[in-house]
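Chemist: One structure, pasted below without further comment.
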Amino acid sequence: MALVSPPEGPSRWPADPWAGLGRSVAQAFSVALGAAGAAAPPEALRDLLDTAGGDDWDVALAVHRFAKTVGRSPDELASEIARSLVRPAGILSAVPKAGYVNLRVDPVPLADATLGAVFERGERYGGAEPTGLSVCVEHTSANATGPFHVGRVRNAIIGDTLTRILRAAGHQVTSQYYVDDMGRQAAMITWIWSKPRAEWPEEVRGAAPEEALPGESDPRPDRTLGRPYPAVAAYLKGHPDADREVTALVQDLEQGRPPLEHHRLTERILRGMLASLQRINIGFDEFVWESTFLTDGSVAEVVRRLRAAPHAIVEANGARAIDAATYHLPKEDARIIVTRADGTTLYVTRDVAYHLAKMARFPRVIDVLGQDHLLHAKTLIALLTELGEARAPEFILYQYVVLPDGGKMSTRQGTAVFLDDLLDEAVDRARKEILARRDDLAVADVDAIAAKLGASAVRYHIARVAPDKAVRFTWEDALSFEGRTGPFVQYSYARASSILRKASAAPSGWTGRAQEISTPPEQALVRSISRLPGLVAYAARTAHVHTIAGYAHDLAETFNRFYQDVPVLRAEVERESRLALVHAARQTLGNTLDLLGLDRLEAM
RNA sequence: GGGCCCGUAGUAUAGCUUGGACAUCACAGAGGCCUCCGGAGCCUCGAACCCGGGUUCGAAUCCCGGCGGGCCCGCCA
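Start counting the first sequence at 13; every next residue gets the next number (our numbering).
Put into structure tokens, the structure is as follows:
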């Protein structure tokens, strides 16, 4: 007889501890407001509830807007609503104040719902049930011309964090890196490496000395093979003959005649770049090579359809274009060139093929792009519209990382800070911090911890800022381990882990004795833990990945206060419940670190 | 010239989508906390919504106009 596991009945613990409360509070307010003459559907009220919490309230409703429609003062109406409100289970009190109805949430059932949910869901706490929606997130997609600098890495951090958040929100997410192996930049790399070094222009040789070039074993081909690139780019500007050679190479690439070494060069540089990203836990599900859309004929198909599109035009020199006047692009002239006079395609044309492929496969398509790509995004949408595609990709545009003086990071100008250098510095500093505190760790352990601390300092420093604000890069802030930083969050996690290690028996489940979670620091911690599911849903909806970074700091800080004031191991009757709370805090901190792509540290 | 984004304490940031109660948090500054589970921590204090109009009972938030900063307006990617 086969063992039959019990059926997965409806979960006792909702994924979001606030879900039921929000519904019943909105319902109660709807009834009370209706009785006062102000009709408001519960769904609308739910969005109006303020759940931020204050000293004397947990959930509040501002009644000003309703006061107006019933011709009463906000204070009057708030008083009446507070009086007539039938308090749902879990609400202790309703008190009017300054036009608000302030509700006190009973901390006992909230603690029960929160800890129950964390114990039941474990690693999945904070996330939602599967939605069945497939989403493609394209991010990074930097040209394979050399090492990542910190500016470019912002794209990868936003994209990868968004990928993690969307996954937690229940979507089926595929992350893609679009590899440009067709354009001029890729051609420039192949152009220079196709020549023996003796034939390199003097300027390029000077900028890329022999010893900086690839040897037998080359751990970092992005640095070595990419080394001549800035000099080549500069050289071509002043040398039309060389520039024509590169143009000819671009044509060869597009006609499917790449030099033998071309693909391999791109691949090797890319591999080096990806090794950098791996240090901050960023990887990709798929790499999509631009050349595949030429090989499989889809670019030709796009060109054919665009030539027959409603606003297709032919330039005097034979270039094909779309008259985009109706799309109101912020360009001086309204043409979008589809193919050059020589018949070759442009980046945006090939990007149309790529996006058609993505949209055929994914109902939701998201691209993470730097602010300079706004016009490109609009152009792409215009071309997709010309082809009769009603959907459009979603674009997450972010501002740059700027230097303290406001200047740009530029590899060519020598102002870039490279990710590897920053990480090396951060890891070095982390090692010193560890050694200053501990003398009981093996060297290998110190190194492993330092790598994780350094990576988290760097990644968090960029993830914490809203995408539409520039990140001002300073070494001092990027290398800080105090306050609003990744290591601060890891520290709280390590402290929680330490308590659990010292407890003779780890909590095996939620005790259910929520009334023992009774002091303010404990209740504040419960409240913070309970907010994660709602926040993940919000972050997934708005793509505001930085809100998760802010939350991580809040939660860590709340845990630290609890840690400071509330004894756990030395507690007597409450010991077990407090251990459960520590377990839940650790779990939630850990899940949040995952969302941000930061490593958990059991000790540091 | 046209378009998009940003402007919050000394510095750096949250809040702006959907207007609402003394505007979040950190760093730096001043002052405290180690008989106690990890002081990368905790507590206290001082300090901010670019300017001008408008809408509104109410504006950091919405609208208009300035000013300052970033980006774009390639048959580059």
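Ideal placement from N, C-alpha and C gives every residue a C-beta, glycine not left out. Source: prediction; values computed, not measured.
If you scan the stretch 171–209 from start to end, which runs of the beta strand (DSSP E) of 3 or more residues do you find wholly inside it?
Modeler: 184–191
Chemist: Would you mind sorting Pro-233 into buried or exposed? The rule is 16 or more other CB atoms within 10 Å of its CB.
Modeler: buried
Chemist: Could you tell me the alpha carbon to alpha carbon distance between Val-557 and Arg-269, rounded to whole angstroms?
Modeler: So the two alpha carbons sit approximately 42 Å from each other.
Chemist: Look up Asn-114 in the DSSP assignment and give the residues it is bridged to.
Modeler: According to DSSP, which records beta bridges pairwise, Asn-114 is partnered with Ala-72 and Val-107.
Chemist: According to the neighbour-count rule (16 or more other Cβ atoms, all chains shown, within 10 Å of its Cβ), is Asn-329 buried or exposed?
Modeler: Taking a 10 Å sphere around the C-beta of Asn-329, we find fewer than 16 other C-beta atoms and assign the residue as exposed.
Chemist: Ordered along the chain, which non-local residues of its own chain (more than five positions away) have a Cβ less than 6 Å from that of Ala-482?
Modeler: Gln-411, Tyr-412 and Val-414
Chemist: Quick one: give me the first and last residue of the beta strand (DSSP E) that Arg-332 is part of.
Modeler: 332–335
Chemist: Given that a residue counts as buried once 16 or more other Cβ atoms are within 10 Å of its Cβ, and exposed if not, what is Pro-19?
Modeler: For Pro-19, the predicted model reports a pLDDT of 44, less than 50, meaning its position is unreliable and no value from the coordinates is stated.
Chemist: On a Cα-Cα basis, can you pick out the residue from Val-501, Ala-568, Glu-445 and Gln-599 that is closest to Ser-468?
Modeler: Val-501
Chemist: Buried or exposed for Gln-576, going by 16 or more other Cβ atoms inside 10 Å?
Modeler: exposed
Chemist: Looking at C-alpha atoms only, which residue of Ala-254, Trp-69, Glu-215 and Ser-36 is the closest neighbour of Glu-55?
Modeler: Ser-36
Chemist: Run through the stretch 566–613 for me and flag every whole alpha helix (DSSP H) of 4 or more residues, listed as ranges in chain order.
Modeler: 587–608
Chemist: DSSP three-state call for Ser-229: helix, strand or coil?
Modeler: coil
Chemist: Taking C-alpha atoms, which residue in Pro-545, Tyr-563, Phe-430 and Gly-562 lies nearest to Pro-159?
Modeler: Phe-430
Chemist: If you run the structure through DSSP and keep just helix, strand and coil, what is Asp-417?
Modeler: Residue state, collapsed to three classes: coil.
Chemist: Between Thr-63 and the rest of its own chain, which residues show a CB-CB distance below 6 Å, the 5 nearest in sequence each way excluded?
Modeler: The beta carbon of Thr-63 lies closer than 6 Å to those of Val-71 in the same chain, with the five residues before and after it left out.
Chemist: What would DSSP say about Tyr-412, mapped onto helix, strand or coil?
Modeler: Tyr-412: coil per DSSP, three-state reduction.
Chemist: Ignoring anything shorter than 3 residues or poking outside the stretch 231–264, list the beta strand (DSSP E) runs there in chain order.
Modeler: none
Chemist: Just to confirm the assignment: which complete alpha helix (DSSP H) runs, minimum length 4, are found wholly within the stretch 364–445?
Modeler: 386–398
Chemist: Counting only the same chain and skipping the five closest in sequence on each side, list residues whose C-beta sits under 8 Å from that of Glu-257.
Modeler: Trp-203
Chemist: So who's on the other strand from Ile-349, going by DSSP bridges?
Modeler: Ala-333
Chemist: Where do the N-terminal and C-terminal ends of the alpha helix (DSSP H) with Ile-620 fall, by residue?
Modeler: Only positions 13 to 616 of the chain appear in the structure, and residue 620 is not among them; the question remains open.
Chemist: From the DSSP output, in three-state form, read off Trp-301 for me.
Modeler: strand
Chemist: What would DSSP say about Glu-150, mapped onto helix, strand or coil?
Modeler: strand
Chemist: What does the alpha-carbon distance come out to for the pair Ala-123 and Arg-133?
Modeler: For the pair Ala-123 and Arg-133, the Cα-to-Cα distance works out to about 15 Å.
Chemist: With 16 as the cutoff for other CB atoms within 10 Å, does Thr-357 come out buried or exposed?
Modeler: Classification of Thr-357: buried, given that the 10 Å Cβ count is 16 or more.
Chemist: For Gly-111 and Glu-88, I'd like the C-alpha separation in whole angstroms.
Modeler: 8 Å
Chemist: Decide if the stretch 487–501 is in contact with the stretch 558–567; the criterion is three or more beta carbon pairs, one per stretch, under 8 Å apart.
Modeler: yes
Chemist: What three-state label does DSSP hand Asp-62 in the structure shown?
Modeler: Secondary structure at Asp-62: strand, using DSSP grouped into helix, strand and coil.
Chemist: For Thr-236 and Arg-424, I'd like the C-alpha separation in whole angstroms.
Modeler: 15 Å
Chemist: Go to Thr-486, then tell me how far its alpha helix (DSSP H) extends in each direction, as first and last residue.
Modeler: Thr-486 -> no alpha helix (DSSP H), and no H or E assigned at all.
Chemist: Within a Cβ cutoff of 6 Å, which residues of the same chain sit near Arg-573, ignoring the five residues on either side of it in sequence?
Modeler: Excluding residues within five positions, the ones whose Cβ falls inside 6 Å are Pro-533.
Chemist: Thinking C-alpha only, which one of Pro-142, Phe-485, Arg-539 and Thr-427 is nearest Val-130?
Modeler: Arg-539
Chemist: List the whole-angstrom C-beta distance separating Tyr-505 from Arg-612, where the pair is believed to meet the contact cut-off of C-beta under 8 Å.
Modeler: 6 Å
Chemist: Give every residue of the same chain whose Cβ lies closer than 6 Å to the Cβ of Leu-15, excluding the five residues on either side of it in the sequence, and list them in chain order.
Modeler: Because Leu-15 carries a pLDDT of 41, less than 50, the predicted location of this residue cannot be relied on, and no value is offered for it.
Chemist: What number of angstroms, rounded off, separates the C-alpha of Ala-140 from the C-alpha of Glu-214?
Modeler: Cα to Cα, the separation comes out at about 59 Å.
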